[in-house]
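Down below is the structure, laid out as structure tokens.
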Amino acid sequence: MGGGKGNTITTYDLGTLPIGQLLRYYAVPSIVGTMVNSLYNLVDRIFIGQGVGGLAISGLALTFPILIFLQAFGILVGVGASSRISILLGQKKRGEAENLLGNAFVLSVVLSLSTITLCYLLMEPMLYAFGASADTIPYAMDYLGIVIPGNIFANLTFSYNSVMRATGYPRKAMVTMIIGAVLNVAFDALFIFGLGWGIKGAAWATVLSMFVGMLFVMHHFTDTGAFLRIRAKNFKLQWGYVWGILSIGVAPFVMQLAASMVHLFKNSSLVAYGGDYAVGAHGISNSISTTIFLFILGLAIGMQPVVGYNFGAGNIHRVKEAFIKTVRLNVIIGVVGIVITQLFTEGLVRCFTTDDELIRVSKEAVRIENMAFWAVGFQVTCVHFFQSIGSAKQAMILSISRQVAFLIPLIYFLPMIWELKGVWLATPVADVLSFTISLTLIVLFFRKHKEEKKV
1 MGGGKGNTIT TYDLGTLPIG QLLRYYAVPS IVGTMVNSLY NLVDRIFIGQ GVGGLAISGL
61 ALTFPILIFL QAFGILVGVG ASSRISILLG QKKRGEAENL LGNAFVLSVV LSLSTITLCY
121 LLMEPMLYAF GASADTIPYA MDYLGIVIPG NIFANLTFSY NSVMRATGYP RKAMVTMIIG
181 AVLNVAFDAL FIFGLGWGIK GAAWATVLSM FVGMLFVMHH FTDTGAFLRI RAKNFKLQWG
241 YVWGILSIGV APFVMQLAAS MVHLFKNSSL VAYGGDYAVG AHGISNSIST TIFLFILGLA
301 IGMQPVVGYN FGAGNIHRVK EAFIKTVRLN VIIGVVGIVI TQLFTEGLVR CFTTDDELIR
361 VSKEAVRIEN MAFWAVGFQV TCVHFFQSIG SAKQAMILSI SRQVAFLIPL IYFLPMIWEL
421 KGVWLATPVA DVLSFTISLT LIVLFFRKHK EEKKV
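Mapping of the sequence shown onto the working numbering: residues 1 to 455, in sequence order.
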């Protein structure tokens, strides 16, 4: 694994090197990559808030359900393919891994084009269903009209960055994301402030930078020196490979769809209990919490090749060690996130807007919604752990428990008691409840394998 220059970890090292060293090798580039990737949305929101206005932030927040829905299909293929490839490489089945890689490319293109067409045609009615008003709909339409068609670049970039990490090139995957993010910042500044394109400028900046990122990823997998290559002979879809991708990728896919539903329900509640400013506050709070979340996500993603390979090789003691080290760090990151959002709330919010009313509402949202981030660190690690070992059922349970079983009902019921504050409270309550489910499943898993070892 990783035959290119500068790669120091091979396939066999995943089964022999110290777990801490492997996690550093995979997790650090993964964390940097996911953080840099978040800049696409974060920078858009900062530039839009400062360069266009508070209502533009609210309009952008209305696009979240659609964008999350579209991204779900990139995650479906990317997580499924990378996890399955890690397991196949652990089983020394390189040829099958390359066949699966070709199937993943075709699957990603077909799913992306289908969903892009659907969302583009239904864009306006969906936005009104999500709570758009006469003041915010123009901003949302202008942004989505450009970003939706360009989503295919985002999905291919995400899918193959995941596979790049799984095949021993985490640093190269990180560099690819950095290039795209730096370009996004430069394009945002040029298009919004230099050319005065407003929210359309932010959309074009995102699409163009994603396109460049896709070119870098595709170049890697078509290069003759790549450990695994995309080959035309592997483009014929085979059900075994497609099922292998979908069965693992379905858990994070469902989590994304559930997140889209959460934004839909939350936007509706926010409009009912707080109006356009509450929707904008959600956009700001979401941007801040996502930045913290991506540290957790990056570490969990970095864990996956290590866990997937060793599980495939039957090294359960190394699997357990990788999980414990990762979950411990992610809980600590969650606690640090709580401290930051409670102590520096106003400074964080002012990065996005100078509107006094929006600042007031956003401060309450940020403080309440991030109260239980320690639980997020634990739950996300568990989800990615089960994905990496191919346990689709457990990953699915954890994926839907927080969003569907807990968060959506809480968004509906808590505002009946506490109005707008109830909408914000739904998030930390759901985080704690989902932690209990995650803890139960992970304890049962390791207890089962401990018993198997005794037998």
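Virtual Cβ for every residue (Gly too), placed ideally from N, Cα, C. No experiment lies behind these values; they were computed from the predicted model shown.
Length of the line joining the Cα atoms of residue i and residue j
i, j, result
"GLY422", "LEU433", "16 Å"
"GLN403", "SER438", "13 Å"
"ASP223", "MET214", "14 Å"
"GLU124", "ASN267", "16 Å"
"ASN7", "ILE66", "For ASN7, the pLDDT reaches just 48, beneath the cut-off of 50, and the residue's location in the model is therefore unreliable, although a value from the coordinates is still provided. About 38 Å."
"PRO415", "PHE406", "14 Å"
"SER401", "PHE193", "43 Å"
"ARG84", "GLY74", "15 Å"
"THR326", "GLY280", "34 Å"
"GLY53", "TRP243", "46 Å"
"SER502", "PHE293", "Outside the displayed span of the chain (1 to 455) sits residue 502, for which this structure offers no information."
"VAL110", "PHE344", "44 Å"
"LEU490", "PHE413", "Nothing can be reported for residue 490, as the shown portion of the chain is limited to 1 through 455."
"ASP356", "GLY283", "16 Å"
"ALA426", "ALA395", "22 Å"
"PHE265", "TYR273", "12 Å"
"VAL361", "LEU190", "30 Å"
"GLU419", "ASP142", "31 Å"
"VAL175", "GLN21", "20 Å"
"LYS92", "ARG165", "17 Å"
"ASN99", "GLY225", "17 Å"
"LEU122", "ALA258", "19 Å"
"VAL455", "ILE316", "At VAL455 the pLDDT is 39, less than 50, meaning the model places this residue with poor confidence; the figure from the coordinates comes in the next sentence. So the two alpha carbons sit approximately 14 Å from each other."
Identity of the residue in the options nearest residue i by Cα
i, options, result
"HIS263", "TYR25, ILE68, GLY53", "ILE68"
"ALA61", "SER285, SER399, TRP424", "SER285"
"ASN155", "MET177, THR136, LEU398", "MET177"
"ASP44", "LEU183, TYR277, SER133, ILE116", "LEU183"
"LEU70", "ARG447, VAL306, LEU144", "LEU144"
"ALA372", "SER289, SER133, GLN91", "SER289"
"HIS220", "LEU190, PHE265, ALA173", "ALA173"
"ILE179", "ASP431, VAL36, GLY131", "VAL36"
"LEU237", "LEU107, VAL212, CYS351", "LEU107"
"GLY95", "ALA426, LEU358, LYS233, TRP239", "LYS233"
"PHE446", "GLN91, GLY249, ILE389, LEU358", "ILE389"
"ALA392", "ALA72, GLY80, ILE31", "GLY80"
"SER133", "LEU270, ILE417, LEU299, GLY347", "LEU270"
"PHE158", "VAL336, GLY249, TRP197", "GLY249"
Cβ separation of residue i and residue j, assumed to be a contact under 8 Å, to the nearest whole Å
i, j, result
"GLY312", "ILE87", "4 Å"
"ALA97", "VAL77", "Incorrect: roughly 15 Å between the Cβ atoms, too far for contact."
"TYR128", "GLY59", "Going by Cβ atoms, the distance from TYR128 to GLY59 rounds to 12 Å, so no, they are not a contact pair."
"ILE296", "ILE333", "5 Å"
"ARG350", "ILE340", "About 15 Å separates the two Cβ atoms, so there is no contact after all."
"LEU299", "ILE31", "6 Å"
Same chain, Cβ closer than 6 Å to residue i, five either side skipped, listed in chain order
i, result
"TRP424", "ALA365, ILE368, GLU369"
"THR16", "none"
"GLY3", "Low per-residue confidence applies at GLY3: pLDDT is 44, beneath 50, and the placement is therefore not dependable, though the value from the model is reported in the following sentence. Within the same chain, GLY3 has close Cβ partners PHE227."
"MET218", "none"
"SER82", "SER162, VAL163, ALA166"
Beta-carbon proximity of residue i to residue j, cut-off 8 Å
i, j, result
"PRO170", "TYR309", "no"
"LEU55", "ILE230", "no"
"THR136", "ASP276", "yes"
"ILE146", "LYS200", "yes"
"PHE216", "ALA205", "no"
"ALA27", "MET303", "yes"
"GLY51", "PHE352", "no"
"GLY150", "VAL185", "no"
"SER260", "LEU42", "no"
"ALA375", "PHE253", "no"
"THR34", "ILE245", "no"
"GLY377", "VAL443", "no"
Nonlocal neighbours in the same chain, by C-beta distance under 8 Å from residue i, ignoring five residues either side
i, result
"LEU398", "ALA251, GLN379, CYS382, VAL383, PHE386, SER434, ILE437, SER438, LEU441"
"ILE19", "VAL306, ARG318, GLU321, ALA322, LYS325"
"LEU195", "GLY201"
"LYS363", "THR345, GLU346, VAL349"
7 Å Cβ shell around residue i - same chain, five flanking residues per side excluded
i, result
"ALA430", "ARG402, PHE406, LEU407, LEU410"
"ILE46", "CYS351, PHE352"
"VAL212", "ILE179, GLY180, LEU183"
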